[in-house]
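With the sequence shown counted from 1, adding 61 to any position gets you this note's numbering.
Even for Gly, the Cβ is constructed at its ideal location relative to N, Cα and C.
Take a look at the structure set out below.
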Amino acid sequence: MTDLERIGQRLVTGFPGTALTPELVQVVKEYKIGNIILFRENIASADQLRTLCADLQTLIRSETGHDAFIMIDQEGGAVTRLPESCINVPGSMALAATGDPETTYLAGKLTGEELRSLGVNFNLAPSVDVNCNPANPIIGVRSYGDTPATVAKYAAGMIRGLQDGGVLCLAKHFPGHGDTSLDSHLTLPCVDKPRDELERMELAPFRAAIADGVPAIMTAHILFPALDDSGVPATMSRRIVTGLLRGEMSFTGLVTSDCMEMQAVQKFFGSVNGVLAAMNAGVDLVLLSHTTLLSGEAAKAAAEALQSGKLDRKEMEESVDRILAAKAKLAAVPAAAFDADQAAALNDKLLRATITEVHVPKAGRPNVGGHPLCLGCQVYRTGLVGNVVDDVQQSFPVMMAKALGGDGFTTPIDPSEDEIYEWVRRAESYTSIVIGTYNGHLHPQQL
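Listed below in structure tokens is the structure:
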């Protein structure tokens with residue numbers, strides 16, 4: 062393999078639109094980029110996605126001689142990429158609320174089988190972050206819970222299910238994104254805990270995932286001074302990736318970065334410099350998820366660094382060997398037959414199982430009367446932080462009013478004081494008020 066062919070195997074790029082673009086074809090042909098990540102903007106329908114994935118594989122195989130990893134973030138629940146016509150299993154915290162770890166296995170298997178049937182072969186899930194900080198703006202319900210034991214127990218089923226469904230999966234965001242109050246999409250968070258606390262909380266689910274056979278781990282763009290006091294985030298830290306994850310934790314699978322265009326890297330270090338630092342740290346697959354031509358710039362810079370000795374050639378070859386071995390192993394697994402109707406029925410059972418009553422008074426459920434006022438903001442799923450992906454959004458108040466009688470009105474996610482006062486005034490003519498909140502801990506005006 063040439064240097065560019067090796068480097069191309071370690072890069073993952075994205076592109077706009079629902080078909081191959083000239084820029085994508087250019088970077089694959091010129092720089093041998095070997096892997097793709099897809100977002101909601103790339104997907105119009107299941108049939109279109111299947112065609113797109115086939116076209117991507119044809120292009121990349123012809124230029125590199127190897128299959129592509131085609132990646133997606135299909136966590137379920139609030140974080141999804143697939144259109145509404147496809148299966149979207151319940152999110153992590155909802156699955157954990159069932160009390161049955163086998164629900165995560167079924168959710169993973171359904172997701173894996175559908176993704177593989179569409180041509181996607183690498184799901185960037187599950188999150189094994191422990192949701193130990195209520196102010197966390199980005200993890201929340203993406204976590205299985207607020208204790209390492211809960212997270213490990215439910216993540217194990219998802220890891221098995223996705224692999225049995227025919228796709229690669231990973232545990233993210235190493236060493237842990239649960240105890241941050243900042244979003245690494247927007248800035249550079251810091252988890253300033255002593256090592257023993259990190260061992261008990263953040264690292265424990267990753268150790269469990271490794272024991273459960275997770276094939277890959279994604280790093281976080283977060284500072285961990287107790288693990289590396291040099292001022293670089295985990296993704297760019299050799300002490301954390303090679304020293305801790307590879308060395309102390311004996312992980313032999315693939316290590317991927319989070320997107321190097323996130324502000325935690327782009328704003329503080331620069332995306333291309335970040336790519337080189339991540340490779341030097343020991344990350345195998347480095348993501349540049351949105352700006353296609355940037356992957357070409359990164360490939361060129363990495364080739365120069367390899368020639369000058371700034372990147373270690375032996376480590377480059379070992380990393381590429383891991384990637385190609387994983388691709389060969391994945392290709393040897395036949396895609397299972399996917400029955401969309403059967404999958405939808407099973408997913409409906411999962412969704413119903415996640416409905417949880419947190420507290421019911423001794424006297425029973427309250428009587429809302431014959432004419433309740435139902436209020437709540439629009440519930441939606443996101444493709445990336447802040448990006449709504451649903452074509453048809455679900456309205457809690459309208460659905461509740463239909464079920465209970467009365468009237469339902471959709472409120473803003475952050476209602477103003479005047480709007481709240483107006484709803485209180487109007488409520489005088491109703492028998493009761495039924496309020497649905499959505500991420501109320503992040504939008505306290507709802508409460």
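When DSSP labels each residue in this structure, what does residue i get in the three-state scheme?
i: residue 273; result: coil
i: residue 183; result: strand
i: residue 329; result: coil
i: residue 189; result: coil
i: residue 137; result: strand
i: residue 456; result: strand
i: residue 132; result: strand
i: residue 244; result: coil
i: residue 288; result: coil
i: residue 73; result: strand
i: residue 96; result: strand
i: residue 147; result: coil
i: residue 409; result: helix
i: residue 367; result: helix
i: residue 256; result: helix
i: residue 373; result: coil
i: residue 172; result: helix
i: residue 393; result: coil
i: residue 158; result: coil
i: residue 489; result: helix
i: residue 426; result: coil
i: residue 119; result: helix
i: residue 384; result: helix
i: residue 293; result: coil
i: residue 509; result: Given a span of 62 to 508 for the chain in the structure shown, any question on residue 509 remains unanswerable.
i: residue 112; result: helix
i: residue 264; result: helix
i: residue 82; result: coil
i: residue 197; result: coil
i: residue 417; result: coil
i: residue 555; result: Examination of residue 555 is not possible in this model, given that the chain is present from 62 through 508 alone.
i: residue 64; result: helix
i: residue 402; result: helix
i: residue 508; result: coil
i: residue 167; result: helix
i: residue 177; result: helix
i: residue 298; result: coil
Once the 5 residues before and after residue i are set aside, which same chain residues still bring their CB inside 7 Å of it?
i: residue 77; result: 102
i: residue 159; result: 414 and 415
i: residue 408; result: 148, 150 and 171
i: residue 315; result: 276, 277, 345, 346, 383, 384 and 387
i: residue 392; result: 128
i: residue 503; result: 198
Can you give me the Cβ contacts of residue i inside the same chain, cut-off strictly under 6 Å, excluding the 5 residues immediately before and after it?
i: residue 214; result: 162
i: residue 488; result: 434 and 494
i: residue 296; result: 280, 282, 318 and 339
i: residue 200; result: 190, 192, 238 and 239
i: residue 111; result: 179 and 180
i: residue 300; result: 289
i: residue 249; result: 325 and 329
i: residue 269; result: 213
Just list the residues that DSSP pairs residue i with in beta bridges.
i: residue 235; result: 280
i: residue 472; result: 438
i: residue 495; result: 435
i: residue 251; result: 284
If residue i sits next to residue j, beta carbons under 8 Å apart, how far is it from one beta carbon to the other, in whole angstroms?
i: residue 387; j: residue 229; result: 7 Å
i: residue 385; j: residue 377; result: That pair is no contact at about 13 Å.
i: residue 176; j: residue 135; result: 6 Å
i: residue 207; j: residue 191; result: 6 Å
i: residue 231; j: residue 181; result: At roughly 14 Å, the Cβ-Cβ gap does not stay under 8 Å, so residue 231 and residue 181 are not in contact.
i: residue 93; j: residue 125; result: 5 Å
i: residue 73; j: residue 130; result: 7 Å
i: residue 498; j: residue 507; result: 5 Å
i: residue 420; j: residue 323; result: No, residue 420 and residue 323 are not in contact; Cβ-Cβ is about 38 Å, not under 8 Å.
i: residue 184; j: residue 133; result: 6 Å
Leaving out five residues on either side along the sequence, give the residues of the same chain with a beta carbon under 8 Å from the beta carbon of residue i.
i: residue 82; result: 76 and 353
i: residue 482; result: none
i: residue 123; result: none
i: residue 357; result: 87, 88, 91, 92 and 94
Output yes if chain D places a C-beta closer than 9 Å to the C-beta of residue i; else output no.
i: residue 259; result: You won't find chain D in this structure, because it holds only one protein chain.
Entirely enclosed alpha helix (DSSP H) segments - the segment 201-235, minimum 4 residues: Fully enclosed alpha helix (DSSP H) runs of no fewer than 4 residues occupy 209-225 of the segment 201-235, in order along the chain.
Alpha helix (DSSP H) runs contained entirely in the segment 301-361, provided each spans 4 or more residues: With a minimum length of 4 residues, the continuous alpha helix (DSSP H) runs that stay inside the segment 301-361 are 324-327 and 332-342.
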